[in-house]
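> Residue numbers (the working numbering), protein chains in the order written: chain A, 449 to 755; chain B, 449 to 755.
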């Protein structure tokens, strides 16, 4: 039976001023999955990592979308997968989205690409629902489409790919737990109209900056007057990290997804690596364990190949 | 003494989902101004129309910015202008901005272009302050820059030109008065975060639609869940006009500025003229006097030539 290997990339949701609508696909880190077709309606999940994620497919981020695919097709097929997670759950760089998106893109490969990318996003969102209770696509969309994506609407689904110039991304993951549900709960349900206007001026300018290859404009637009002031309180050292990274030459950045990871965008690798050093120095001084990555935008999303 | 003639175009502020940040310059209608330099510090204003606008320069939308220019330069110069207004004050298509922008661009022409466009926007905003009490640039920026403009920030001023595919614009001006101050006062100071997210998804998609020449995306993004539901109540027939115009083939549209004018975007002139017919039929039936225009985006803003 044909077996495939799947590379499931990390993603950054929100991108500072694009809360709930913007996302970016990263070249590193990636989860690895191996998948093959079965000839009966079931999903078997093996984990080759220490994260103790649920092996019951209905409770697993990769499993739930696969069950939905099986139900939709109503044929005698199933999937057996081995998951090697390298993107730590709860890090804020799209760990659950990588599992869900990887599973559906892999399944589609084995099924000879019968589904569109939009279909795949719909299936994969079921995995996000298992992970966080909410069907959202801010990580799923860039994970499947690659590059930078804008989700104009979820119902009906309207995903737009936003071209961008080359960017180097530095991510620091301080090893504390911020639950997505907590990070969502502390947000106010109402915001000042004047703040909302500032935010939509910034997101419009950020999209224009990406599409016009205008690094300075990208930098000026990476400003969040609504979410960051509330959520950054949950992340030790956030203000200092941000200030220091921008002094070091980063264009700007902020909270990745709902945190606790922090990301910064830079115009070249040298600056991105200096930014990494600055991040490490601060968390070493604070005494907080952390991982860092220096990477680039992945133009293609989840990729799979036959073994 | 050299005399110049100035064409001061109408503009549409907000563009549905871009409240306070987006604007578009129109080829029609235009105010006409004639201007010449004086050799003493004063501004003389003649009106060749029936609108009875203040002739005291400090109280006049064109006069106030010219006084500021004279003060800034501190030389023995002044300006004499004749204004022929064709853009009716209070129509919602940037009548005061046309006067203010026309005056400063004309003055800059006579002064051999010593000021940048940004400087001119700053001077012209003083005219908006005379007209409505608020320094805003949503009409001034497209009137001076031409095309579609995004104002990311007023302090400091950050104006971005957004390229777009050809568009035909139909405007109907129902002859009722909506004061900008009233239209602003009825807005709520707080908005739901979920509505704000929808709005910033739409404005980001609208900018992407303009820049990718994607007419369908432009149409889908022309949605305003925050301002239009409140302000449209002030405009008789608004819902019917909008519905009918979209059925007739317009991509979408909404309130121009703070109203009462309504604008619609179409992909060609035939549709734009059919949209005009639809607008006229509704206001004839309601029994409300109205003017209509069918026009295109003016790529260059205020233009001046020597006589």
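The C-beta atom is built at its ideal place from N, Cα and C for all residues, glycine as well.
Among the residues of its own chain, which have a CB less than 6 angstroms from the CB of residue 646 of chain A, if the five just before and after it don't count?
Taking the first residue of the first chain as 1, we reach residue 646 of chain A at position 198. Here the set comprises 673.
> Exposed or buried, residue 677 of chain B, counting other C-beta atoms within 10 Å across all chains shown (16 or more means buried)?
Residue 677 of chain B sits at position 229 when you count from the first residue of the second chain. Exposed, because fewer than 16 other Cβ atoms sit within 10 Å of the Cβ of residue 677 of chain B.
> Output, in chain order, the set of chain A residues within a Cβ distance shorter than 7 angstroms of residue 467 of chain B.
Here the question's residue 467 of chain B lines up with position 19 in the second chain. Those within 7 angstroms of residue 467 of chain B in chain A are 645.
> Our contact map puts residue 806 of chain B next to residue 510 of chain B with C-beta atoms below 8 angstroms; I'd like the distance itself, whole angstroms only.
No answer is possible for residue 806 of chain B: the residues shown for chain B start at 449 and end at 755.
> Report, in whole angstroms, the separation of the C-beta atoms of residue 746 of chain A and residue 474 of chain A, which I expect to be a contact under 8 angstroms.
Counting from 1 along the first chain, the entry for residue 746 of chain A is found at position 298. Counting from 1 along the first chain, the entry for residue 474 of chain A is found at position 26. Yes, they are in contact, since the Cβ atoms of residue 746 of chain A and residue 474 of chain A sit about 6 angstroms apart, within 8 angstroms.
> For chain A, find out if any of its Cβ atoms is closer than 8 angstroms to the Cβ of residue 656 of chain B; answer yes or no.
Numbered from its first residue, the second chain carries residue 656 of chain B at position 208. By this cut-off, residue 656 of chain B is an interface position.
> Pull up the distance between the alpha-carbon of residue 710 of chain B and that of residue 617 of chain B, whole angstroms please.
Numbered from its first residue, the second chain carries residue 710 of chain B at position 262. Numbered from its first residue, the second chain carries residue 617 of chain B at position 169. So the alpha carbons of these two residues sit roughly 10 angstroms apart.
> Are the C-beta atoms of residue 758 of chain A and some chain B residue less than 8 angstroms apart?
Lying outside 449 to 755, the shown extent of chain A, residue 758 of chain A is not represented and no answer is given.
> Under the three-state reduction of DSSP, which class applies to residue 609 of chain A: helix, strand or coil?
Position 161 of the first chain holds residue 609 of chain A. The answer is strand: DSSP assigns residue 609 of chain A an E or B state.
> Any beta carbon of chain B sitting closer than 8 angstroms to that of residue 659 of chain A?
For the purposes of this step, residue 659 of chain A is taken as residue 211 along the first chain, with counting starting at 1. So yes, residue 659 of chain A belongs to the interface.
> Do residue 723 of chain B and residue 696 of chain B have their beta-carbon atoms positioned less than 8 angstroms apart in this structure?
Walking along the second chain from the start, residue 696 of chain B turns up at place 248. Walking along the second chain from the start, residue 723 of chain B turns up at place 275. A contact, by the Cβ cut-off of 8 angstroms.
> State buried or exposed for residue 590 of chain B, treating a residue as buried only when at least 16 other CB atoms are found within 10 Å of its CB.
Counting from 1 along the second chain, the entry for residue 590 of chain B is found at position 142. By the neighbour-count rule (16 or more Cβ atoms within 10 Å), residue 590 of chain B is buried.
> Could you work out which residue in A:664, A:725 and A:477 is closest to residue 749 of chain A when comparing CA atoms only?
Within the first chain, residue 749 of chain A is the residue found at index 301, counting from 1. When each option's Cα is compared against that of residue 749 of chain A, the closest is A:477.
> Going straight from the alpha carbon of residue 706 of chain A to that of residue 461 of chain A, what length do you get?
The residue given as residue 706 of chain A occupies position 258 in the first chain. The residue given as residue 461 of chain A occupies position 13 in the first chain. For residue 706 of chain A and residue 461 of chain A, the distance between alpha carbons rounds to 8 angstroms.
> Tell me which residue opens and which closes the alpha helix (DSSP H) that residue 677 of chain A is part of.
As a first step, residue 677 of chain A is located in the first chain; it is residue number 229 there, counting from the start. It spans 676–679 - the alpha helix (DSSP H) in which residue 677 of chain A sits, taken as one unbroken run.
> At 9 angstroms on the CB atoms, spell out the chain A contacts of residue 650 of chain B, in chain order.
By 1-based counting over the second chain, the position of residue 650 of chain B is 202. Simply 600, 601 and 648.
> Residue 631 of chain B and residue 578 of chain B - do their beta-carbons sit closer together than 8 angstroms?
As a working note, residue 578 of chain B is residue 130 in the second chain. As a working note, residue 631 of chain B is residue 183 in the second chain. The answer is no: Cβ separation not under 8 angstroms.
> For a contact meaning CB atoms closer than 7 angstroms, what does residue 608 of chain B contact in chain A?
As a working note, residue 608 of chain B is residue 160 in the second chain. Under the 7 angstroms cutoff, chain A gives 653, 656 and 665.
> Relative to the alpha-carbon of residue 691 of chain B, which residue among B:720, B:700 and B:624 has its alpha-carbon at the smallest distance?
Indexing the second chain from 1 puts residue 691 of chain B at position 243. For residue 691 of chain B, the nearest C-alpha among the options comes from B:700.
> What are the boundary residues of the beta strand (DSSP E) that includes residue 627 of chain A?
To locate residue 627 of chain A, count along the first chain from 1; it is residue 179. Premise fails: residue 627 of chain A is in no beta strand (DSSP E) and is neither H nor E.
> For a contact meaning CB atoms closer than 9 angstroms, what does residue 673 of chain B contact in chain A?
What you label residue 673 of chain B is simply residue 225 of the second chain in a count that begins at 1. Going along chain A, no residue has its Cβ under 9 angstroms from residue 673 of chain B, so there is no contact; the nearest lies around 11 angstroms.
> Does residue 637 of chain B come within less than 8 angstroms of chain A when only Cβ atoms are used?
On the second chain, residue 637 of chain B is found 189 positions in, with the first residue counted as 1. Output row for residue 637 of chain B: interface = yes.
> Can you tell me whether residue 463 of chain B is helix, strand or coil according to DSSP?
Within the second chain, residue 463 of chain B is the residue found at index 15, counting from 1. Note: residue 463 of chain B maps to coil in three-state DSSP.
> Any beta carbon from chain A within less than 8 angstroms of residue 668 of chain B's own beta carbon?
Mapped onto the second chain, residue 668 of chain B falls at position 220. By this cut-off, residue 668 of chain B is an interface position.
> What residues in its chain sit with their C-beta under 6 angstroms from that of residue 551 of chain A, if we drop five residues either side in the sequence?
By one-based count along the first chain, residue 551 of chain A stands at place 103. Correct list, in chain order: 510, 513 and 514.
> At 8 angstroms on the CB atoms, spell out the chain B contacts of residue 641 of chain A, in chain order.
Counted from its first residue, the first chain places residue 641 of chain A at position 193. 635, 636, 637, 638, 639 and 674, listed in chain order.
> My output table needs one value for residue 663 of chain A: the three-state DSSP class, helix, strand or coil.
Start at 1 with the first residue of the first chain, and residue 663 of chain A comes out as number 215. Helix.
> Taking the alpha helix (DSSP H) that residue 722 of chain B falls in, what are its first and last residues?
On the second chain, position 274 is the one that residue 722 of chain B refers to. Residue 722 of chain B -> alpha helix (DSSP H) spans 717–734.
> Residue 744 of chain A: which of A:713, A:726 and A:734 sits nearest, CA to CA?
Counting from 1 along the first chain, the entry for residue 744 of chain A is found at position 296. Closest by alpha carbon: A:713.
> Which residues in the same chain as residue 726 of chain A place their Cβ atom closer than 6 angstroms to its Cβ, once the five residues preceding and following it in sequence are excluded?
Locating residue 726 of chain A in the first chain gives position 278, counting from the first residue. Correct list, in chain order: 692, 693 and 696.
> If you draw a straight line from the alpha carbon of residue 719 of chain A to that of residue 605 of chain B, how long is it in whole angstroms?
In the first chain, counting from the first residue as 1, residue 719 of chain A sits at position 271. In the second chain, counting from the first residue as 1, residue 605 of chain B sits at position 157. The straight-line gap from Cα to Cα measures roughly 28 angstroms.
> Classify residue 635 of chain A as helix, strand or coil using the three-state DSSP reduction.
Position 187 of the first chain, counted from the first residue, corresponds to residue 635 of chain A. Coil, per DSSP.
> Tell me whether residue 650 of chain B sits in a helix, a strand or coil according to DSSP, three-state version.
Taking the second chain and counting its residues from 1, one reaches residue 650 of chain B at position 202. DSSP places residue 650 of chain B in helix when its eight states are reduced to three.
> Go through the region 536–600 of chain A residue by residue and report every complete run of the alpha helix (DSSP H) that reaches 4 residues or more, in order.
If we require 4 residues or more, the alpha helix (DSSP H) runs fully inside the region 536–600 of chain A come out as 543–558, 565–580 and 588–593.
> CB-CB under 7 angstroms to residue 506 of chain A, same chain, minus the five flanking residues each way: which ones, in chain order?
For the purposes of this step, residue 506 of chain A is identified with residue 58 of the first chain, where counting begins at 1. Answer for residue 506 of chain A: 512 and 515, listed in chain order.
> If you follow the alpha helix (DSSP H) that residue 694 of chain B is part of, which residue opens it and which one closes it?
Taking the second chain and counting its residues from 1, one reaches residue 694 of chain B at position 246. That run of the alpha helix (DSSP H) goes 686–696.
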